[in-house]
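Novice: Once you've had a glance at the structure underneath, I'll fire off some questions.
Protein chains in written order, with our numbering: chain A, 2 to 235; chain B, 2 to 235.
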């Protein structure tokens, strides 16, 4: 499966239609999504990729800090280098683009642009901005070495938006935890920035395989009512 | 707004219809979702709550480990105690239920039930199970003190499924990071279990307010192509 495969003929019937076909509803997208390990070589149309990016960064974040930074890896040499940083897993080379979710643990420090935009939309008053300008540094400073964790949490929310948005638009994804963080950082050019950390890698493209659902533990094992141990009934 | 408010008359026109109205598509749910701070007292119908739970735990997780543990806090005294653990924020008391997303940093150790279910669905072969039985302990042991982070990452994926599923079914949510971890653990009865950590609190219910979108940073500031710093164009 290369870029000169029959994919070039199948593309007109897949990518453009994704822009016209109604998007899947949330329950259907959730239940049909699988982690796909094999992708077609078909590219993602630029308009569709742009829509995915917009839906990804529409995710909520703590104080609207948006501490995610996303690198769209699509150049062939970069894809190969990123795959090597992920123990050679081939889906990064096969898929037309991999979203590298970086989290900026220091991203809460400069909030001038965030404040200005929220004032312009009317979502925040000057009073809210003033409150946040006191509360956010207090909260983040108190987090101490959990600043990494909190930035990663918001990046994971955005990555999940990507997975469900992609599924709803006819694309497939593969959330990946298997990589060497320092190597991934080196590939995307942030080796020397300790505040930037890696949350998740998500190849996106057209699935070239079916995948079965491995199932879930019974609700009685993972969901409780009011107190841990009081199982929720299935 | 109490449980004896007019909500009991409005409920028939809201909750049951949510089970019949088509669910929102993913892009619409993403773009219409806001973090709601004020909820109606209306309860969530048991069938609808069950559907939400099923869609939440349909989320993907690392090696399908499902290291999330979810406590549905709905008893009045428990809601009050949980609100106190979250600096008195009122949305936990107002909303009919708050999903407390717990992550089990040791949840990867006992995989017997996960393996059995995946073998029964046919998603995993015995060979896959044998491979995972070697690879997962190696991976998780190498994570060291990042076992907490990785369990939290999967809990965040599930929490995001909840937020979008709820939105698609006519409900509203409020992702909350503002709480004292040890106090939340105490409320849900896991104070003495260091492997269980708190990822996120998410009150769910019917919105009692509109909320404006505070906007997002321009894509050029947060999205890059191939290498950090090479901005993706808006």
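All C-beta atoms in this analysis are idealised placements derived from N, C-alpha and C, irrespective of residue type, glycine included.
The model shown is predicted, which means the values in this text are computed figures rather than measured ones.
Going along the region 199-228 of chain B in order, which residues come within less than 9 Å of chain A, judged by CB to CB distance?
Specialist: For the region 199-228 of chain B, which is checked against every Cβ of chain A, the residues closer than 9 Å are 200, 201, 212, 213, 214, 215, 216, 217, 218, 219, 220, 222, 223, 224, 225, 226, 227 and 228.
Novice: Are there 16 or more other CB atoms within 10 angstroms of the CB of residue 43 of chain A, so buried, or fewer, so exposed?
Specialist: Here residue 43 of chain A refers to the residue found at position 42 of the first chain. Answer is buried; the Cβ neighbour count reaches 16.
Novice: Report buried or exposed for residue 136 of chain A, applying the criterion of at least 16 other Cβ atoms within 10 angstroms of its Cβ.
Specialist: Residue 136 of chain A sits at position 135 when you count from the first residue of the first chain. Exposed.
Novice: Report yes or no: do three or more beta-carbon pairs, one from the region 139-154 of chain B and one from the region 100-116 of chain B, lie closer than 8 Å?
Specialist: Touching, per the Cβ criterion.
Novice: Can we say the region 185-192 of chain B touches the region 185-199 of chain A, given the rule of at least three CB pairs closer than 8 Å?
Specialist: Contact fails: fewer than three Cβ-Cβ distances are below 8 Å.
Novice: Three Cβ pairs or more, each shorter than 8 Å: is that satisfied between the region 22-34 of chain B and the region 162-180 of chain B?
Specialist: Segments in contact, yes.
Novice: Could you please give the first and the last residue of the uninterrupted beta strand (DSSP E) stretch that includes residue 71 of chain B?
Specialist: Reading the second chain from its first residue, position 70 is the one you call residue 71 of chain B. Segment 69-74, the beta strand (DSSP E) holding residue 71 of chain B.
Novice: May I ask which residues mark the beginning and end of the alpha helix (DSSP H) holding residue 131 of chain B?
Specialist: One-based indexing of the second chain puts residue 131 of chain B at position 130. That run of the alpha helix (DSSP H) goes 127-144.
Novice: Is it buried or exposed for residue 122 of chain A, if we count other Cβ within 10 angstroms and need 16 for buried?
Specialist: Locating residue 122 of chain A in the first chain gives position 121, where the first residue counts as 1. The residue in question, residue 122 of chain A, is exposed, as its Cβ has fewer than 16 Cβ neighbours within 10 Å.
Novice: Out of curiosity, what's the CA-to-CA distance linking residue 75 of chain A and residue 57 of chain A?
Specialist: As a working mapping, residue 75 of chain A is identified with position 74 in the first chain. As a working mapping, residue 57 of chain A is identified with position 56 in the first chain. The straight-line gap from Cα to Cα measures roughly 17 Å.
Novice: By the criterion of Cβ-Cβ separation under 7 Å, what are the contact partners of residue 63 of chain A in chain B?
Specialist: Counted from its first residue, the first chain places residue 63 of chain A at position 62. Ordered by position in chain B, the residues that pass the 7 Å Cβ test against residue 63 of chain A are 178.
Novice: What three-state label does DSSP hand residue 200 of chain A in the structure shown?
Specialist: Here residue 200 of chain A is taken as the residue at index 199 of the first chain, counted from 1. Of the three classes helix, strand and coil, the one that applies to residue 200 of chain A here is strand, per DSSP.
Novice: Using a Cβ-Cβ cutoff of 7 Å, what residues of the region 58-90 of chain B are near chain A? List them in chain order.
Specialist: Correct list: 58, 59, 61, 63, 65, 67, 69, 70, 71, 72, 73, 74, 75, 76 and 79.
Novice: Taking one C-beta from the region 58-66 of chain B and one from the region 112-128 of chain B each time, how about it: are there three or more such pairs within less than 8 Å?
Specialist: The answer is yes - the region 112-128 of chain B touches the region 58-66 of chain B, with three or more Cβ pairs under 8 Å.
Novice: Under 7 Å Cβ-Cβ, which residues of chain A neighbour residue 233 of chain B?
Specialist: Looking up residue 233 of chain B in the second chain gives position 232. Neighbours of residue 233 of chain B on chain A, chain order: 54 and 73.
Novice: List the DSSP bridge partners of residue 179 of chain B.
Specialist: In the second chain, the residue the question calls residue 179 of chain B occupies position 178. None, per the DSSP bridge assignment.
Novice: For residue 228 of chain A and residue 223 of chain B, which I take to be in contact (beta-carbon distance under 8 Å), what is that distance rounded to the nearest angstrom?
Specialist: If you number the first chain from 1, residue 228 of chain A lands on position 227. If you number the second chain from 1, residue 223 of chain B lands on position 222. Wrong, their Cβ atoms sit about 40 Å apart, outside the cutoff.
Novice: Look at the alpha carbon of residue 194 of chain A and the alpha carbon of residue 49 of chain A, and state the distance between them as a whole number of angstroms.
Specialist: Translated into the one-based positions of the first chain, residue 194 of chain A becomes position 193. Translated into the one-based positions of the first chain, residue 49 of chain A becomes position 48. If you take the alpha carbons of residue 194 of chain A and residue 49 of chain A, they lie about 31 Å apart.
Novice: By alpha-carbon positions, which one of B:221, B:225, B:215 and B:30 ends up nearest to residue 127 of chain A?
Specialist: Counted from its first residue, the first chain places residue 127 of chain A at position 126. The residue with the shortest Cα to Cα distance from residue 127 of chain A is B:215.
Novice: Taking CB distances under 8 Å as the criterion, tell me whether residue 26 of chain B reaches chain A.
Specialist: As a working mapping, residue 26 of chain B is identified with position 25 in the second chain. Yes, residue 26 of chain B lies at the interface with chain A (some Cβ there is under 8 Å from its Cβ).
Novice: Is residue 161 of chain B close to chain A? Criterion is C-beta to C-beta, closer than 8 Å.
Specialist: Locating residue 161 of chain B in the second chain gives position 160, counting from the first residue. Yes - at least one Cβ of chain A is within 8 Å of the one on residue 161 of chain B.
Novice: Straight-line CA distance for residue 134 of chain B to residue 47 of chain B?
Specialist: Along the second chain, one-based indexing puts residue 134 of chain B at 133. Along the second chain, one-based indexing puts residue 47 of chain B at 46. Straight-line Cα distance between these residues: approximately 38 Å.
Novice: Less than 8 Å between the beta carbons of residue 236 of chain A and residue 79 of chain A, yes or no?
Specialist: Because chain A spans 2 through 235 in this model, residue 236 of chain A falls outside it and cannot be assessed.
Novice: For my contact list, residue 203 of chain B and residue 102 of chain B are in at a C-beta cut-off of 8 Å; report their separation, rounded to the angstrom.
Specialist: Counting from 1 along the second chain, the entry for residue 203 of chain B is found at position 202. Counting from 1 along the second chain, the entry for residue 102 of chain B is found at position 101. With 8 Å as the limit, residue 203 of chain B and residue 102 of chain B qualify as a contact, their Cβ atoms being about 7 Å apart.
Novice: Beta-carbon of residue 122 of chain B versus every beta-carbon of chain A: anything under 8 Å?
Specialist: As a first step, residue 122 of chain B must be located in the second chain, where it is residue number 121. Closer than 8 Å: yes.
Novice: So residue 158 of chain B contacts chain A; which residues on that side make the cut at Cβ distance below 7 Å?
Specialist: In the second chain, counting from the first residue as 1, residue 158 of chain B sits at position 157. Those are 157 and 161, listed as they occur along chain A.
Novice: Residue 157 of chain B and residue 200 of chain B - do their beta-carbons sit closer together than 8 Å?
Specialist: For the purposes of this step, residue 200 of chain B is identified with residue 199 of the second chain, where counting begins at 1. For the purposes of this step, residue 157 of chain B is identified with residue 156 of the second chain, where counting begins at 1. Their beta carbons are under 8 Å apart, which means residue 200 of chain B touches residue 157 of chain B by this criterion.
Novice: Determine the closest residue to residue 60 of chain A out of A:90, A:89, A:162 and A:139, with distance taken between C-alpha atoms.
Specialist: The residue you call residue 60 of chain A lines up with position 59 of the first chain. With distances taken between Cα atoms, residue 60 of chain A lies closest to A:162.
Novice: Sort out for me which residues DSSP pairs residue 171 of chain A with in a bridge.
Specialist: What you label residue 171 of chain A is simply residue 170 of the first chain in a count that begins at 1. DSSP output for residue 171 of chain A lists no bridge partner at all.
Novice: Tell me whether residue 111 of chain A sits in a helix, a strand or coil according to DSSP, three-state version.
Specialist: Translated into the one-based positions of the first chain, residue 111 of chain A becomes position 110. DSSP places residue 111 of chain A in coil when its eight states are reduced to three.
Novice: With residue 82 of chain B as the anchor, note down where its alpha helix (DSSP H) starts and where it stops.
Specialist: The residue labelled residue 82 of chain B in the question sits at position 81 within the second chain. It spans 77-86 - the alpha helix (DSSP H) in which residue 82 of chain B sits, taken as one unbroken run.
Novice: Tell me, which residues are paired with residue 63 of chain B by DSSP?
Specialist: Stepping through the second chain from its first residue, residue 63 of chain B is reached at position 62. Answer is none; residue 63 of chain B lacks a bridge partner.
Novice: Quick one, which of A:23, A:22, A:24 and A:28 has its alpha-carbon nearest residue 24 of chain B's?
Specialist: For the purposes of this step, residue 24 of chain B is identified with residue 23 of the second chain, where counting begins at 1. Nearest C-alpha to residue 24 of chain B: A:28.
Novice: Quick check on residue 31 of chain B - is its C-beta less than 8 Å from some C-beta in chain A?
Specialist: Along the second chain, one-based indexing puts residue 31 of chain B at 30. At least one chain A Cβ lies under 8 Å of residue 31 of chain B.
Novice: In the DSSP output, what is residue 99 of chain A paired with across the bridge?
Specialist: Mapped onto the first chain, residue 99 of chain A falls at position 98. DSSP lists A:74 and A:204 as partners of residue 99 of chain A.
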